[in-house]
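*Asks:*
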Amino acid sequence: MTTDNLTHIISVLWTKGFPFAAWRLPGQKEVHLIIQLTETVQLVDFKDIESVKGFIIAPFKSAHTGKAYVLQPDLLPGSLQELKEIEQLPDFRKDKKTEDMLNEVWDKEVYLAKARQLIADLRSRKLKKLVLSRVIEKRLQKEMDPGLMFTLLNEKYADSFNYICYLPGVGSWIGASPELFLKVDDTYAETVSLAGTKPSGKIHWTPKETEEQAIVTEFITSRLDELGIKNYEVHGPETVLAGKVGHLATRIRIPAEEVRNKTGKLVSRLHPTPAVCGMPQQEAFEYILKTEDHQRKCYTGFIGPWQLQGCSELYVNLRCAEFDKKIVHVFVGGGLTASSVAEAEWEETEHKSKTLLSVLENF
Numbered sequence: 001m002t003t004d005n006l007t008h009i010i011s012v013l014w015t016k017g018f019p020f021a022a023w024r025l026p027g028q029k030e031v032h033l034i035i036q037l038t039e040t041v042q043l044v045d046f047k048d049i050e051s052v053k054g055f056i057i058a059p060f061k062s063a064h065t066g067k068a069y070v071l072q073p074d075l076l077p078g079s080l081q082e083l084k085e086i087e088q089l090p091d092f093r094k095d096k097k098t099e100d101m102l103n104e105v106w107d108k109e110v111y112l113a114k115a116r117q118l119i120a121d122l123r124s125r126k127l128k129k130l131v132l133s134r135v136i137e138k139r140l141q142k143e144m145d146p147g148l149m150f151t152l153l154n155e156k157y158a159d160s161f162n163y164i165c166y167l168p169g170v171g172s173w174i175g176a177s178p179e180l181f182l183k184v185d186d187t188y189a190e191t192v193s194l195a196g197t198k199p200s201g202k203i204h205w206t207p208k209e210t211e212e213q214a215i216v217t218e219f220i221t222s223r224l225d226e227l228g229i230k231n232y233e234v235h236g237p238e239t240v241l242a243g244k245v246g247h248l249a250t251r252i253r254i255p256a257e258e259v260r261n262k263t264g265k266l267v268s269r270l271h272p273t274p275a276v277c278g279m280p281q282q283e284a285f286e287y288i289l290k291t292e293d294h295q296r297k298c299y300t301g302f303i304g305p306w307q308l309q310g311c312s313e314l315y316v317n318l319r320c321a322e323f324d325k326k327i328v329h330v331f332v333g334g335g336l337t338a339s340s341v342a343e344a345e346w347e348e349t350e351h352k353s354k355t356l357l358s359v360l361e362n363f
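Quick note, the sequence shown lines up with residues 1 to 363 if you use the numbering used here.
Structure, rendered in structure tokens:
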């Protein structure tokens with residue numbers, strides 16, 4: 001499928017309101033596309049994930065519900081004839097309202113006040129780490145072309161997991177995530193602990209950033225230990241680049257047989273990781289729900305293809321946005337510890353927002 005065909009068909013599907021997902025894996029050129037031919041989106045329990053086949057979207061609050069959305073691969077278009085047939089599909093959106101895009105948007109002063117309060121709480125040892133997020137609203141000068149947006153994202157960010165999807169009742173989402181949540185193949189399962197964000201170039205990591213990343217790594221290995229998974233390799237930490245920013249990352253690899261029949265339990269224990277929530281996990285999750293005025297929705301959940309064409313790769317839903325015809329909500333966040341400085345945390349969210357805002361300049 002050519003880039004022009006893909007751009008066109010994504011826009012057609014979105015306009016018609018068909019559930020679909022398109023994605024490109026890090027470092028690859030091939031884009032994958034699946035289409036669901038019904039409007040009803042399936043919900044599955046994490047515990048049943050080993051029997052699931054489709055594109056998975058788990059919201060942040062799935063940490064509480066233990067359920068994720070699965071988009072079914074009813075159609076995997078590859079030929080021009082199939083593309084022409086898609087144009088003849090009915091219009092699901094006709095005479096229907098679009099999904100609710102309402103959300104709370106903080107200005108800088110509100111964010112700084114929230115961050116300072118959280119840092120004070122961290123210094124009193126109520127929590128070890130907490131991730132504070134915010135929403136940036138971008139109103140477009142012209143109507144959104146989702147196919148073009150996805151194409152531009154792929155051109156700009158070759159090393160991230162790039163996706164675009166639409167699910168009735170969930171909304172339209174696009175993102176470029178640098179963080180692997182869980183990958184499983186016949187040989188290994190792999191996950192990544194990732195923290196810290198700096199502009200690419202000569203990167204020097206501060207003690208705060210090193211501490212933050214170590215917390216995530218320790219969390220993951222402790223969860224593996226709880227499941228009786230002892231045979232794993234830890235590689236890192238090392239700097240990895242994602243577009244114009246760098247992150248501190250550690251890769252953890254586990255023999256595939258170690259996680260067989262435990263994948264659902266592993267997903268339940270890992271989500272949400274300290275990289276997007278905090279530590280201790282449950283206390284941080286509840287603190288976020290009380291502190292943040294906006295709904296995270298699919299931001300900081302996980303997303304990706306599962307048992308599709310031999311691929312099972314889920315990514316933490318970072319650097320993402322919810323969009324409609326003329327409005328985009330970009331979600332960004334950063335990890336706070338007792339040594340954090342509120343102003344520096346604001347700047348980190350500004351850096352992260354450029355992943356999508358730089359592409360939105362075309363609209």
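Virtual Cβ for every residue (Gly too), placed ideally from N, Cα, C.
Since this is a predicted model, take the numbers as computed values, not measurements.
Which parts of the stretch 238-269 are runs of the beta strand (DSSP E), unbroken and 3 residues or longer, counting only runs that do not cross its ends?
*Replies:* Runs found: 245-255.
*Asks:* Distance, Cα to Cα, Phe-18 vs Glu-343?
*Replies:* Here residue 18 is taken as the residue at index 18 of the sequence shown, counted from 1. Here residue 343 is taken as the residue at index 343 of the sequence shown, counted from 1. Between Phe-18 and Glu-343, the C-alpha separation is close to 42 Å.
*Asks:* Determine the closest residue to Ala-68 out of Phe-331, Leu-75, Leu-270, Phe-46, with distance taken between C-alpha atoms.
*Replies:* On the sequence shown, position 68 is the one that residue 68 refers to. Nearest C-alpha to Ala-68: Phe-46.
*Asks:* Identify every run of the beta strand (DSSP E) within the stretch 117-167, keeping only runs that are complete inside it and at least 3 residues long; order them along the chain.
*Replies:* Here the runs fully enclosed are 129-139, 161-167.
*Asks:* Can you pull the DSSP bridge partners for Gly-27?
*Replies:* In the sequence shown, residue 27 corresponds to position 27, counting from 1. Beta-bridge pairing links Gly-27 to no other residue.
*Asks:* Spatial neighbours of Val-41 within its chain, please: C-beta separation below 8 Å, excluding the five flanking residues on both sides.
*Replies:* Numbered from 1 along the sequence shown, position 41 holds the residue referred to as residue 41. Cβ neighbours of Val-41 beyond the five flanking positions: Pro-19, Tyr-69, Val-70, Leu-71, Leu-167, Pro-168, Gly-169, Val-170.
*Asks:* Taking all protein chains shown into account, do 16 or more other C-beta atoms lie within 10 angstroms of the C-beta of Pro-90, making it buried, or fewer, making it exposed?
*Replies:* Along the sequence shown, read from residue 1 onward, the residue named residue 90 stands at position 90. Exposed.
*Asks:* Which stretch, first to last residue, makes up the beta strand (DSSP E) that contains Tyr-287?
*Replies:* If you number the sequence shown from 1, residue 287 lands on position 287. Not the beta strand (DSSP E): Tyr-287 falls in the alpha helix (DSSP H), residues 281-291.
*Asks:* Say whether the stretch 254-273 touches the stretch 215-234, bearing in mind that this needs 3 or more beta-carbon pairs closer than 8 Å, one atom from each stretch.
*Replies:* Judged by Cβ distances under 8 Å, the stretch 254-273 makes contact with the stretch 215-234, as three or more pairs qualify.
*Asks:* Compute the distance between the beta-carbons of Tyr-188 and Ala-176, then report whether it is under 7 Å.
*Replies:* In the sequence shown, counting from the first residue as 1, residue 188 sits at position 188. In the sequence shown, counting from the first residue as 1, residue 176 sits at position 176. No, they are not a contact pair.
*Asks:* Whole-angstrom Cβ separation of Pro-178 and Leu-194, contact assumed at under 8 Å?
*Replies:* Position 178 of the sequence shown, counting from 1, holds the residue named residue 178. Position 194 of the sequence shown, counting from 1, holds the residue named residue 194. Yes, they are in contact, since the Cβ atoms of Pro-178 and Leu-194 sit about 7 Å apart, within 8 Å.
*Asks:* Give the secondary structure of Ile-203 by DSSP, where H, G and I count as helix, E and B as strand, and everything else as coil.
*Replies:* Stepping through the sequence shown from its first residue, residue 203 is reached at position 203. In the structure shown, Ile-203 sits in coil (DSSP, three-state: anything other than H, G, I, E or B).
*Asks:* Tell me which residue opens and which closes the alpha helix (DSSP H) that Ala-344 is part of.
*Replies:* Within the sequence shown, residue 344 is the residue found at index 344, counting from 1. Start and end: 342-360.
*Asks:* Please go through the same chain and pick out, in chain order, the residues whose beta-carbon is closer than 6 Å to the beta-carbon of Lys-53, but skip the five residues on each side of it.
*Replies:* Here residue 53 is taken as the residue at index 53 of the sequence shown, counted from 1. Correct list, in chain order: Gln-307.
*Asks:* Using 8 Å for Cβ pairs, my map puts Glu-313 next to Gly-304. What's the rounded Cβ distance?
*Replies:* Locating residue 313 in the sequence shown gives position 313, where the first residue counts as 1. Locating residue 304 in the sequence shown gives position 304, where the first residue counts as 1. Right, the Cβ-Cβ distance comes to about 5 Å (below 8 Å), so this counts as a contact.
*Asks:* Compute the Euclidean distance between the alpha carbons of Ser-422 and Glu-39, then round it to the nearest angstrom.
*Replies:* Because the chain in this structure spans residues 1 to 363, residue 422 falls outside the shown range and cannot be described.
*Asks:* Alpha helix (DSSP H) containing Asn-16: first to last residue?
*Replies:* Position 16 of the sequence shown, counted from the first residue, corresponds to residue 16. Going by the sequence as given, residue 16 is Lys instead of Asn. First-last of the alpha helix (DSSP H) with Lys-16: 3-16.
*Asks:* DSSP on Ile-174, reduced to helix/strand/coil?
*Replies:* Against the sequence shown, residue 174 aligns to sequence position 174. In this structure, Ile-174 counts as strand in the three-state DSSP scheme.
*Asks:* Under a three-way DSSP split, which group does Phe-302 fall into?
*Replies:* As a first step, residue 302 must be located in the sequence shown, where it is residue number 302. If DSSP states are grouped into helix, strand and coil, Phe-302 belongs with the strands.
*Asks:* Does Thr-65 pass the burial test, meaning 16 or more other C-beta atoms within 10 Å, or should it be called exposed?
*Replies:* Looking up residue 65 in the sequence shown gives position 65. The residue is exposed, with fewer than 16 neighbouring Cβ atoms inside 10 Å.
*Asks:* Which residues mark the beginning and the end of the beta strand (DSSP E) in which His-32 is found?
*Replies:* On the sequence shown, position 32 is the one that residue 32 refers to. His-32 -> beta strand (DSSP E) spans 32-35.
*Asks:* Kindly indicate which three-state DSSP category Lys-297 falls into: helix, strand or coil?
*Replies:* Numbered from its first residue, the sequence shown carries residue 297 at position 297. Note: Lys-297 maps to coil in three-state DSSP.
*Asks:* Compute the Euclidean distance between the alpha carbons of Val-267 and Leu-182, then round it to the nearest angstrom.
*Replies:* Numbered from its first residue, the sequence shown carries residue 267 at position 267. Numbered from its first residue, the sequence shown carries residue 182 at position 182. If you take the alpha carbons of Val-267 and Leu-182, they lie about 8 Å apart.
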